[in-house]
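Chains A and B, in that order, give the protein sequences. Residue 71 is where the first sequence starts when you use my numbering, and the numbers rise one by one after that. Residue 71 is where the second sequence starts when you use my numbering, and the numbers rise one by one after that. C-beta atoms are modelled at their ideal positions from N, C-alpha and C, and glycine is treated no differently. Worksheet: one structure, shown below.
Number of protein chains: 2
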Amino acid sequence: MSQRPVPPRGMRDLLPSEVVLRRHLLGRIVEVYERYGFLQIETPLLEEIDRLLGSEGGENEKLIYKVLRRGIETWPPATEGEAVDLGLRYDLTVPLARYFASHSADLPVPFKALQTGPVFRAERPQKGRYRQFTQCDIDVLGDASAMAEIELVCATSEALAACGLDGITVRMNHRGVLDGMVSAAGYDADRKAAVLITIDKIDKIGLDGVRTELRALGDPGPADRLADMLAASIEAEGSAATLAALPATVDEVAVADLETIRVAVREALPWVEVAFDASLVRGMGYYTGPIFELAHDESSGSLGGGGRYDRMVGKLSGQDVPAVGMSIGFERLCHVLEGRARDWDRRDRIVFLHDAMAPAGEVVRQANALRGGGAVVRREVAVKNRRGQLARAAAAGCSHWAEYRAGEEPVVQALDEENEEGTR
Amino acid sequence: MSQRPVPPRGMRDLLPSEVVLRRHLLGRIVEVYERYGFLQIETPLLEEIDRLLGSEGGENEKLIYKVLRRGIETWPPATEGEAVDLGLRYDLTVPLARYFASHSADLPVPFKALQTGPVFRAERPQKGRYRQFTQCDIDVLGDASAMAEIELVCATSEALAACGLDGITVRMNHRGVLDGMVSAAGYDADRKAAVLITIDKIDKIGLDGVRTELRALGDPGPADRLADMLAASIEAEGSAATLAALPATVDEVAVADLETIRVAVREALPWVEVAFDASLVRGMGYYTGPIFELAHDESSGSLGGGGRYDRMVGKLSGQDVPAVGMSIGFERLCHVLEGRARDWDRRDRIVFLHDAMAPAGEVVRQANALRGGGAVVRREVAVKNRRGQLARAAAAGCSHWAEYRAGEEPVVQALDEENEEGTR
């Protein structure tokens, strides 16, 4: 146990001002998503470990917090498998797929799900990254049409705008387009996964870095052809020209889907930029169709992302269900908005002073009369240095003060004016 | 892994209607607590295992979900202590004490904390009890006066009333009164813990059962004297007469505190019953002063409880801080209110039908126009059997419907009227 009473490594406590901001933002997001017809669900934070480990979660599966089986009688258990039966969820998608497979008979079809809650990944701690963090997901299950993607992109863009971030840019790609480019470049199917992992590093190592790593994978011919295609896409800056310039082997339906999404989002929400980006991969192995990332000038990293995963639910239920989801990077969103002026909570905040000897019931009754109008009232025993006490209250966010007087109703005064007078 | 994709044993998924109820109730509770000046905080769901195991949590410590240390290189670890470093929290009080010890410099004093969130106990699964459940706590740290208890009792009673349960009864006792009764009966100090555990079973086994078990502990003299005192208290039904009849060895300050609390709560909130109950113990070892339970006619078990624990923070910070807390039994509250009529969400819910071939951007734009007024809009591709589709929408909670027509703004109609006409 660490000497100082701090949270576990890589985790953190939230101060009241942080909770106010987060609750405000979550409230805005949920409100927009609900207007789009998404229904909020909740799943337990623990899932069976075998389910988590068999879910194509890629690197995230290595980061699972594993929970010891209860009632182990003789220590040590022979294997880790005997010792562990549960794990903390590392995302909200695996639990959603399980949830839908379990409850689909009780849910409308298509099912539009909204989930917010903590997830856990035992990553190496670094600035701004936490081992417990909040995710905020919407998913459409049972709709194979591009309309599902269009609603997800529009709803998420509007949710971010409701938090104060308009001017969203949506980068999009399609697993079918990626597959087509990779095979047009001359790669065999069994090299695809390694090639995609390399392309995915482009934000960190740049196009030249990707070209170098692709060459290191083997034959330079496919490496250069693929890097040239990526370069042409970057050159075209996401315009329709990029889509037209794709090699003929690329799935035409995939290209048409992306164009349908781009046109519809621009028409519904003209303030959203939608750009094709051939270098967008997203890590998860389970994506099968369009993939997305949402960016904003004020954030260096993406503020959200998602894509279509048509085969995951089928693995659990035995019946394929088309599915597509979008996740807001809630921690990053909070980080971007933390610096802004605090007008999240506009209620009056009154500090109500009373003598320690005043009759308690009457003090609470008077304080409650002030609360009746919706104000927040913090009761405090008055100290001698009233100027100091009111200054501390103002620093803690109080806007007004009042004082208990026997037999009189309290008079509320703004803290600014009275901070001076109160010391007379 | 179980064959059906169900949650882990003793845990559960929440359907959308359940989430709506829970969110509504939590919102009401938080709103009342905030008006009382409580500030919301959050702590991680994991704590260091040694901290959880050394916190006087009584039976709850045996129910901790333990988390395997990451990066164990050679299996098996020699001991469980080597294998485990973290645990899931089993209540919100231990994390609060750690939080306060860590952050008190950044917090107002006294600090009035509000916490809601999941806690975990690996109890034997049974009806209405879950291994992950929500707690909803308020605590006052740094106030040794009875005013802290009075505010906790008043705020919690008002929070329950805001959820629709007025007519709250508060049962209260005091660890000082219990200690005094136990020693007045003739028990040695080292028998106290066992005696209190026995008294605590009175709700399950009745007074006669308690008398029998006390006798089984040893000498029948103290057992009968203590059982007689409890009988007298029950006879007096919580009135002031009970307090007057307490043996002279009982701490007078404790008795005076209880009377102060009773009088003040009745004065501030005349609709709250406050009754002394000499048989109230509450399990936790860490209580040091007044203890409470909140009851309501519509619930067989208590809807909340708490008490003063003046020494827990000091164990972590090295400096004693007076502390008192109250917890709402949120799951039980939900259970009581589940049966009531669903008017939690009063927004219009519109199902918006469109042809699968309609231009997607224009469909979303029209749906958004409907959403602009605050309505919830669920977009659906129209099917041939419109009567069936609208009936399903009504069953899923929709109040209105509308239809996409190119070049026209949609007309919203109530579902009742149109459910018939729509099939013509």
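query: Buried or exposed (CB count within 10 angstroms, at least 16 for buried), B:GLN389; result: exposed
query: Cβ-based burial, B:GLN436 [other Cβ within 10 Å; buried from 16]; result: buried
query: Pair within 8 Å by beta-carbon distance, B:LEU95 and B:VAL391; result: no
query: Three CB pairs or more closer than 8 Å across the segment 124 to 133 of chain B and the segment 352 to 366 of chain B; result: yes
query: Given A:TYR135 as reference, the closest of B:PHE170, B:LYS132 and B:ALA153 once Cα atoms are compared; result: B:ALA153
query: Within-8 Å CB hit, B:ALA297 to chain A; result: no
query: Contact check, B:ALA430 vs A:ALA216, beta carbons under 8 Å; result: yes
query: Where the beta strand (DSSP E) containing A:SER253 begins and where it ends; result: Element bounds for A:SER253: not the beta strand (DSSP E) but the alpha helix (DSSP H), 245 to 254.
query: Sub-8 Å separation of A:ALA183 and A:LEU109 beta-carbons; result: yes
query: At least 3 beta-carbon pairs within less than 8 Å: the segment 257 to 274 of chain B vs the segment 312 to 332 of chain B; result: no
query: Backbone CA spacing between A:LEU364 and A:ASP209 [nearest angstrom]; result: 16 Å
query: Residue-level contact to chain A via CB, B:GLY107, 8 Å cutoff; result: yes
query: Length-filtered (3 minimum) beta strand (DSSP E) runs lying within the segment 137 to 166 of chain A; result: 154 to 158
query: Residues sharing a beta bridge with B:GLY375, DSSP; result: B:GLU363 and B:SER397
query: Within chain A, partners of B:MET217 - CB distance below 7 Å; result: ALA430
query: Nearest-angstrom Cβ-Cβ length linking B:VAL240 and B:GLU343, presumed shorter than 8 Å; result: 7 Å
query: Neighbour list for B:ASP236 in chain A, Cβ cutoff strictly below 8 Å; result: Result: empty, since nearest Cβ-Cβ is about 15 Å, beyond 8 Å.
query: Cβ of A:LEU222 within 8 Å of any chain B Cβ; result: no
query: A:CYS404 in three-state terms, based on DSSP; result: helix
query: Rounded separation between B:GLY444 and B:ASP415 - CA only; result: 12 Å
query: Test item: CB-CB of B:GLN202 and B:PRO180 under 8 Å; result: no
query: Any chain A beta carbon closer than 8 Å to B:TRP341; result: no
query: Cβ of B:MET81 within 8 Å of any chain A Cβ; result: yes
query: Cβ pair count under 8 Å reaching 3, the segment 447 to 467 of chain A against the segment 417 to 433 of chain A; result: yes
query: Positions along the segment 164 to 181 of chain A whose CB lies within less than 7 Å of some CB in chain B; result: ARG168, TYR169, ALA171, SER172, HIS173, ASP176 and PRO178
query: Min CB distance A:THR319 to chain D below 8 Å; result: This model lacks chain D altogether, as its protein chains are A and B.
query: As assigned by DSSP and simplified to three states, the class of A:LYS182; result: strand
query: C-alpha gap between A:MET81 and A:GLY157, whole angstroms; result: 17 Å
query: Test item: CB-CB of A:CYS206 and A:SER397 under 8 Å; result: yes
query: Assigned exposure category for B:PRO77 - 16 Cβ within 10 Å defines buried; result: buried
query: Contact check, A:GLY376 vs A:ALA324, beta carbons under 8 Å; result: no
query: Cβ-based burial, A:TRP341 [other Cβ within 10 Å; buried from 16]; result: exposed
query: Beta-carbon proximity list for B:ILE220, same chain, < 7 Å, skipping 5 on both sides; result: ILE331, ALA334 and VAL335
query: Chain-ordered chain A contacts of B:ARG410 [CB-CB under 8 Å]; result: What B:ARG410 touches in chain A: nothing, since even the nearest Cβ is about 20 Å away.
query: Where B:HIS208 meets chain A, residues with beta-carbon distance less than 9 Å; result: Checking the displayed sequence, the identity of residue 208 of chain B turns out to be Ile instead of His. Result: empty, since nearest Cβ-Cβ is about 13 Å, beyond 9 Å.
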